[in-house]
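Position in the sequence shown (first residue = 1) + 105 = my numbering.
The next block holds one structure in the form of structure tokens; read it before the comments.
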Amino acid sequence: MSEANREWAQAKEELIYNMTSLGFPESIGEEMAKNLGSPKAMRRMSAYLRYEKPKKVEVAVDEMLAICSEIDAWRDRKESLEANARYNELKYFGLE
């Protein structure tokens with residue numbers, strides 16, 4: 106198993122463990138891992154679960170959606186900045 110795969114598996118296991126330790130079903134932890142999509146996001150969600158200890162699964166899912174939304178906003182901003190940089194370069198140097 107590669108280092109990247111190991112990191113994904115470890116983050117997923119940690120997330121599922123934190124979900125089940127709060128009394129939530131393992132399947133919800135697995136779905137959260139799929140939706141979060143990266144080890145960093147899964148670790149962020151795990152930290153939230155450890156420190157906030159939500160009593161309702163709806164609160165945990167709401168936090169997962171907030172994390173996903175922040176990641177999407179960051180990606181959109183990054184794409185916008187890159188497109189703007191290309192546009193300015195084209196405007197400054199013109200077509201070759």
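Don't be surprised by glycine CBs; every beta carbon is placed ideally from N, CA and C.
Below 8 Å on the Cβ atoms is my guess for residue i versus residue j; work out the distance and round it to an integer in Å.
| i | j | result |
| --- | --- | --- |
| Ala138 | Leu154 | Not really, about 12 Å apart at Cβ, beyond 8 Å. |
| Trp113 | Pro144 | 5 Å |
| Leu127 | Lys158 | 6 Å |
For residue i, is the classification buried or exposed, using 16 other Cβ atoms within 10 angstroms of its Cβ as the cut-off for buried?
| i | result |
| --- | --- |
| Ala146 | buried |
| Glu194 | exposed |
| Lys160 | exposed |
| Ala190 | exposed |
| Glu119 | buried |
For residue i, which residues from the same chain have a beta carbon less than 7 Å from its beta carbon, with the 5 sequence-adjacent residues on both sides left out?
| i | result |
| --- | --- |
| Asn140 | Met169, Cys173 |
Leaving out the 5 sequence neighbours to the left and right, which residues in its chain are closer than 8 Å to residue i when beta-carbon positions are compared?
| i | result |
| --- | --- |
| Glu131 | Ile121, Met124, Thr125 |
* Asked: Does the region 114-128 touch the region 147-155, meaning 3 or more C-beta pairs lie closer than 8 Å?
  -> yes
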